[in-house]
Amino acid sequence: MKIHIIGPEGSGKTILTAMLNHYIERHYTNGFKFRASSFNTKLYFTEILNILNEGEWPPSTKQGQPKVLNWQWETDDGIIIDVNMHDIAGQDFRMGICNEDSNELKSDIKKSDLIIAVCDLFVHPISNDVEVKAGNAWIIEWLFNNLTKKQKMIIVLTKFDMFEYELPVQKWHDKQELLKLINEYMPEFNTKGYNLDNCFICAVSAVSVQTVSTKDNKLERFPRLPLESKGMENLLSEIKRIVYEKNTSIPFKIVRAKNNIKTMMNQVTEVMRPAIEALGNFINNLSEKEK
Amino acid sequence: MDETPVTLFYFLIKETGDLLKDDEIKTDFETFNKEKVYPLLEQEQRAVRPKYVLSFVGLTNVGKSTLITALLDYKKIAPYENRPTTAIPVEYVFAPTWKIKILDYSFNETEESFQKEGELVEAVKKHVLYADSKNKQNTLWVTVEGPFKILEKGLVLADTPGFGDAQIDDDEQKRKNRMQKLEKFIKDRVDSIYFCVAANDMNIRDEEKNFYNNIRYLCNHIVVNKWEFSEDNSINEQDIYEYKKRYSSLFPGLEFIFVNAKNAIIGIKDEDVTVLKKSNIDYLKSIIEKYSTPEGRIKIVHDALVKSWKNFNRYIEIRHNIKNIPWRRDSLKRFFYICKRNKSLELIARDIERILR
Numbered sequence: 001m002k003i004h005i006i007g008p009e010g011s012g013k014t015i016l017t018a019m020l021n022h023y024i025e026r027h028y029t030n031g032f033k034f035r036a037s038s039f040n041t042k043l044y045f046t047e048i049l050n051i052l053n054e055g056e057w058p059p060s061t062k063q064g065q066p067k068v069l070n071w072q073w074e075t076d077d078g079i080i081i082d083v084n085m086h087d088i089a090g091q092d093f094r095m096g097i098c099n100e101d102s103n104e105l106k107s108d109i110k111k112s113d114l115i116i117a118v119c120d121l122f123v124h125p126i127s128n129d130v131e132v133k134a135g136n137a138w139i140i141e142w143l144f145n146n147l148t149k150k151q152k153m154i155i156v157l158t159k160f161d162m163f164e165y166e167l168p169v170q171k172w173h174d175k176q177e178l179l180k181l182i183n184e185y186m187p188e189f190n191t192k193g194y195n196l197d198n199c200f201i202c203a204v205s206a207v208s209v210q211t212v213s214t215k216d217n218k219l220e221r222f223p224r225l226p227l228e229s230k231g232m233e234n235l236l237s238e239i240k241r242i243v244y245e246k247n248t249s250i251p252f253k254i255v256r257a258k259n260n261i262k263t264m265m266n267q268v269t270e271v272m273r274p275a276i277e278a279l280g281n282f283i284n285n286l287s288e289k290e291k
Numbered sequence: 292m293d294e295t296p297v298t299l300f301y302f303l304i305k306e307t308g309d310l311l312k313d314d315e316i317k318t319d320f321e322t323f324n325k326e327k328v329y330p331l332l333e334q335e336q337r338a339v340r341p342k343y344v345l346s347f348v349g350l351t352n353v354g355k356s357t358l359i360t361a362l363l364d365y366k367k368i369a370p371y372e373n374r375p376t377t378a379i380p381v382e383y384v385f386a387p388t389w390k391i392k393i394l395d396y397s398f399n400e401t402e403e404s405f406q407k408e409g410e411l412v413e414a415v416k417k418h419v420l421y422a423d424s425k426n427k428q429n430t431l432w433v434t435v436e437g438p439f440k441i442l443e444k445g446l447v448l449a450d451t452p453g454f455g456d457a458q459i460d461d462d463e464q465k466r467k468n469r470m471q472k473l474e475k476f477i478k479d480r481v482d483s484i485y486f487c488v489a490a491n492d493m494n495i496r497d498e499e500k501n502f503y504n505n506i507r508y509l510c511n512h513i514v515v516n517k518w519e520f521s522e523d524n525s526i527n528e529q530d531i532y533e534y535k536k537r538y539s540s541l542f543p544g545l546e547f548i549f550v551n552a553k554n555a556i557i558g559i560k561d562e563d564v565t566v567l568k569k570s571n572i573d574y575l576k577s578i579i580e581k582y583s584t585p586e587g588r589i590k591i592v593h594d595a596l597v598k599s600w601k602n603f604n605r606y607i608e609i610r611h612n613i614k615n616i617p618w619r620r621d622s623l624k625r626f627f628y629i630c631k632r633n634k635s636l637e638l639i640a641r642d643i644e645r646i647l648r
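Sequences listed follow chains A and B, in order. Sequential numbering from 1 applies to the first sequence in our numbering. Sequential numbering from 292 applies to the second sequence in our numbering.
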């Protein structure tokens with residue numbers, strides 16, 4: 001099982017993955033284990049967490065200094081999931097995708113069973129707004145156009161504490177509500193033009209922010225300490241669901257979704273359906289044989 | 292700090308400004324944030340403090356101490372004959388009994404309790420007004436406690452040393468040091484300022500202006516003391532109009548309150564209503580009353596925010612001929628939702644609702 005995490009610059013991939021792995025490490029009961037494949041990956045995440053813990057934002061990745069991060073998640077049942085993410089600056093990233101020759105980034109995407117596309121509706125005004133917004137839309141469109149039918153996709157909307165007024169945390173996995181917000185704030189991506197059935201959308205806030213007044217009497221947003229994340233359970237449970245779907249030989253365990261029992265039940269029924277149907281067929285067969 | 296209506300208004304202006312292409316409008320957005328919204332934020336942050344310190348600041352001899360005495364309703368005090376000046380900050384706090392606490396530079400606190408109001412007044416005079424220079428040097432801070440009616444809800448009044456050349460023992464360096472000390476003291480301990488001027492000072496001095504500029508973010512009111520009210524007890528409209536016209540450019544956007552503290556003290560002492568009326572002290576009290584609870588103070592900040600919102604829209608419309616500011620949509624919505632939750636910001640919420648439509 002392979003997962004690839006992709007997203008334009010400034011969308012919050014780095015912070016999301018650092019906090020997600022931190023979350024997995026802290027919540028032993030969630031059924032996942034984190035294992036860094038290389039020392040560099042472990043070091044990188046530790047550095048990011050240290051910076052966040054000091055109440056600062058980690059610097060964005062510089063052009064010409066791409067970083068490939070590899071790590072593994074292991075479920076309680078021993079399924080190993082390889083995760084990789086290319087942490088590269090926007091320009092390099094677009095070059096990587098547009099390049100006709102096959103390259104590492106493209107082949108990583110091709111080989112993956114699940115793509116997690118990270119994008120953010122709260123585009124920070126300091127960045128070049130138009131460029132980032134177009135970048136967000138373009139990557140999702142590119143993925144929709146290039147993914148095979150077997151590949152699954154999760155769209156993760158980051159920095160979502162900025163939209164908590166519009167959509168409370170309990171609804172951060174509600175596809176219809178999230179699509180409404182995408183239509184409103186990212187009109188560059190036309191949701192109606194694509195088949196979204198195979199794709200799950202969820203919103204997370206990897207790091208809650210707080211307002212801080214700086215020395216020169218200005219206001220800025222910085223990480224709120226102690227660090228806290230919101231909506232991570234939704235993302236994790238969806239990843240787990242897809243992982244178990246791929247590995248049908250191992251029965252799926254109940255998903256731990258804190259906020260909404262309804263979703264949980266839906267997920268359970270969805271997973272159980274093939275098994276129930278199989279059982280039904282089996283019984284039918286038996287009764288036929290008896291006859 | 293958490294998100295508040297003022298921080299979200301700040302971010303709305305900042306984030307919208309960042310997206311604008313016209314540099315001139317951009318600068319206007321930035322200036323407005325710096326000059327108007329940030330000061331409001333300072334006031335908002337302070338408004339929720341359980342101990343809220345309201346202070347009278349001004350040049351020496353504009354009558355700050357007299358004003359405070361009048362506000363506190365001291366019964367047994369005469370106007371100060373030979374105009375001594377306050378050299379030590381004094382804080383007035385509500386308590387059921389009369390007490391004075393003196394903090395010196397070695398952080399030792401001495402406490403004295405009194406049975407009667409009169410005894411306390413004498414002690415204050417001894418420690419603060421007529422303290423000899425040695426005592427003055429040693430005393431850092433004086434707290435006066437008593438059943439002051441105006442402070443019942445938790446408000447604290449602070450009397451600060453005046454600044455300016457009327458203070459004794461002055462050379463240039465010493466004065467500068469003292470000003471800096473005073474400024475730091477105000478910024479650290481005071482939550483709201485009533486800036487006092489004397490009506491008979493026809494010129495507002497540079498020193499006064501400079502000092503005012505450094506602390507104006509905490510200031511909403513100018514108290515014009517020693518105002519001569521006309522004989523028939525009515526406030527002389529023409530004079531007030533003239534005065535406001537002359538000085539409103541110096542103190543833009545502030546409310547002027549005209550009082551005569553001396554009349555107030557005489558009126559309280561002699562229980563003479565005619566004299567008391569000539570002091571206008573009840574009006575000042577009614578304004579201070581609004582500051583006495585956190586809810587009241589937040590309401591004041593919110594009212595100012597509504598005013599800022601309206602003024603900003605109008606300003607941009609007139610100056611740049613932009614009828615509809617291209618607000619950043621998500622920032623505007625964040626601001627909208629927080630306004631909707633506060634009844635005192637209803638007007639803004641209604642405006643934004645119209646824009647969003």
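C-beta: ideal position from N, C-alpha, C; glycine also.
- Between the alpha carbons of A/Met19 and B/Phe626 lies a gap of roughly 28 Å.
- The beta carbon of A/Gln151 is closer than 8 Å to those of Ser112, Asp113, Leu114 and Ile115 in its chain, skipping five residues each way along the sequence.
- Within chain B, the residues whose beta carbon sits less than 9 Å from that of A/Tyr185 are Arg620 and Asp621, listed in sequence order.
- Buried is the label assigned to B/His512, since at least 16 other Cβ atoms lie within 10 Å of its Cβ.
- The distance from the Cβ of A/Thr61 to that of A/Glu9 is about 7 Å, consistent with a contact at the 8 Å cut-off.
- Our two residues, B/Glu315 and B/Asn602, have alpha carbons roughly 18 Å apart in a direct line.
- By the neighbour-count criterion, in which a residue is buried when 16 or more other Cβ atoms sit within 10 angstroms of its Cβ, B/Gln334 is buried.
- In the three-state reduction of the DSSP assignment, A/Arg221 falls in the strand class.
- Not a single CB atom of chain A sits nearer than 8 Å to the CB of B/Arg588.
- Looking at A/Val118, A/Phe122 and A/Lys149, the one whose alpha-carbon comes closest to that of A/Trp138 is A/Val118.
- Distances from the CA of B/Asn501 to each of B/Ser521, B/Asp364, B/Asn516 and B/Glu474 were compared; the closest alpha carbon is that of B/Glu474.
- Taking the CA atoms as reference points, A/Met153 sits about 40 Å from B/Lys317.
- Residue ranges of uninterrupted beta strand (DSSP E) with 3 or more members, entirely inside the stretch 467-551 of chain B and ordered along the chain, are 483-489, 510-516 and 546-549.
- Leaving aside the five residues that flank A/Phe93 on each side, none in its chain has a CB nearer than 6 Å to its CB.
- Residue pairing for B/Trp389: DSSP places it in a beta bridge opposite B/Phe405.
- In this structure, B/Gly558 keeps its C-beta atom at 8 Å or more from the C-beta atom of B/Ser539.
- Taking a 10 Å sphere around the C-beta of B/Thr401, we find fewer than 16 other C-beta atoms and assign the residue as exposed.
- Ranked by Cα distance from A/Glu56, the first of A/Glu277, A/Glu270, A/Pro226 and A/Asn281 is A/Pro226.
- Counted as a single uninterrupted DSSP element, the beta strand (DSSP E) harbouring A/Thr211 occupies residues Val209 to Ser213.
- By the Cβ-count criterion, A/Leu279 is exposed, with fewer than 16 other Cβ atoms from all chains shown falling within 10 Å of its own Cβ.
- When DSSP states are grouped into helix, strand and coil, A/Val268 belongs to the helix group.
- In the DSSP assignment, A/Glu74 falls within the beta strand (DSSP E) that extends over Lys67 to Thr75.
- Per DSSP, reduced to three states, the secondary structure at B/Tyr383 is strand.
- Contact between B/Val481 and B/Val344 holds: their C-beta atoms lie close to 5 Å from each other, under 8 Å.
- In this structure, B/Trp618 and B/Thr307 form a Cβ contact; the two beta carbons are roughly 5 Å apart against a cut-off of 8 Å.
- Around the beta carbon of B/Val564, fewer than 16 other beta carbons lie within 10 angstroms, which makes this residue exposed.
- The C-beta separation of B/Ile548 from B/Tyr574 comes to about 7 Å, placing the pair in contact by the 8 Å criterion.
- B/Val415 counts as buried, since no fewer than 16 other beta carbons sit within 10 angstroms of its beta carbon.
- B/Ser346 has B/Ala449 and B/Ile484 as its beta-bridge partners, per DSSP.
- Each residue's CA atom was taken as its position, placing A/Glu188 and B/Arg645 some 25 Å apart.
- Apart from the 5 residues on each side of it in sequence, A/Ile109 sits with its Cβ closer than 6 Å to the Cβ of His4 in its chain, given in chain order.
- Taking the Cα of A/Thr191 as reference, the smallest distance to any Cα among A/Ala206, A/Phe144 and A/Thr158 is reached at A/Phe144.
- Inter-segment contact for the stretch 232-247 of chain A and the stretch 195-205 of chain A is present: three or more beta-carbon pairs are separated by less than 8 Å.
- Around B/Arg340, no beta-carbon contact reaches into chain A at under 7 Å, the shortest distance being about 16 Å.
- In this structure B/Tyr396 is not in contact with B/Leu350, their Cβ atoms being roughly 26 Å apart against a cut-off of 8 Å.
- A/His22: member of the alpha helix (DSSP H) spanning Lys13 to Arg26, first to last residue.
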